[in-house]
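Novice: Residue numbers (our numbering): 28 to 153.
(1) With respect to the alpha helix (DSSP H) encompassing residue 95, which residues constitute its N-terminal and C-terminal limits?
(2) Within the continuous alpha helix (DSSP H) that includes residue 76, where are the two ends?
(3) Does the distance from the CB of residue 75 to the CB of residue 31 come in under 9 angstroms?
(4) Taking Cβ to Cβ, would you say residue 48 is nearer than 9 angstroms to residue 88?
(5) Could you work out which residue in 42, 98, 55, 66 is closest to residue 91 when comparing CA atoms only?
(6) Using the Cα positions of residue 165 and residue 85, report the straight-line distance between them to the nearest angstrom.
(7) Where do the N-terminal and C-terminal ends of the beta strand (DSSP E) with residue 29 fall, by residue?
(8) CA-CA distance, residue 211 and residue 53?
(9) What separation, rounded to the nearest whole angstrom, lies between the Cα atoms of residue 110 and residue 72?
(10) Measuring straight from C-alpha to C-alpha, what distance separates residue 33 and residue 50?
(11) Helix, strand or coil: how does DSSP classify residue 61 here?
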């Protein structure tokens, strides 16, 4: 299984949102079967950034690509934006758009994944 980790910069503005969408398209084109969108370092999330994240999740569902979202740090401005848009319940692990893989708990689902670069990394799981 090839998993790509997408980690936007701390400020996910419209330009960064476009990079996120482009990186997703590139990862899928390169054969990724899963994508992790790591928002843990994001402090600022624009409307375009939020739209890009929801786009990646819905695009993944349409194409059969497993997309998981790691939410921003609780209490951050980015986390508040997601809460105000009422999307946390969809994006959190086990949420409607971000189901925990069957037979695994949240901790086990991420075990063994190492981030190889700041922007994106294509990883093989054994």
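Even glycine gets a Cβ: it sits at the ideal position worked out from N, Cα and C.
Predicted, not measured: the structure shown is a model, and the values here were computed from it.
Specialist: Quick look at the numbers:
(1) Position 68 of the chain shown holds residue 95. Per DSSP, residue 95 belongs to no alpha helix (DSSP H); it is in the beta strand (DSSP E), 93 to 97.
(2) The count along the chain shown starts at 1 and reaches residue 76 at position 49. Unbroken alpha helix (DSSP H) run through residue 76: 74 to 90.
(3) Along the chain shown, one-based indexing puts residue 75 at 48. Along the chain shown, one-based indexing puts residue 31 at 4. Going by C-beta atoms, residue 75 is not nearer than 9 angstroms to residue 31.
(4) Locating residue 48 in the chain shown gives position 21, counting from the first residue. Locating residue 88 in the chain shown gives position 61, counting from the first residue. The answer is no: Cβ separation not under 9 angstroms.
(5) One-based indexing of the chain shown puts residue 91 at position 64. Taking only the C-alpha atoms, the option nearest residue 91 is 55.
(6) Residue 165 cannot be examined here, being either before or after the span of the chain that is shown, 28 to 153.
(7) Looking up residue 29 in the chain shown gives position 2. That run of the beta strand (DSSP E) goes 29 to 33.
(8) Residue 211 is absent from the model: the chain starts at 28 and stops at 153.
(9) Within the chain shown, numbered from 1, the residue matching residue 110 stands at position 83. Within the chain shown, numbered from 1, the residue matching residue 72 stands at position 45. About 12 angstroms.
(10) As a position in the chain shown, residue 33 is number 6, starting the count at 1. As a position in the chain shown, residue 50 is number 23, starting the count at 1. Going by the C-alpha atoms only, they are around 7 angstroms apart.
(11) Walking along the chain shown from the start, residue 61 turns up at place 34. Three-state DSSP puts residue 61 in a strand.
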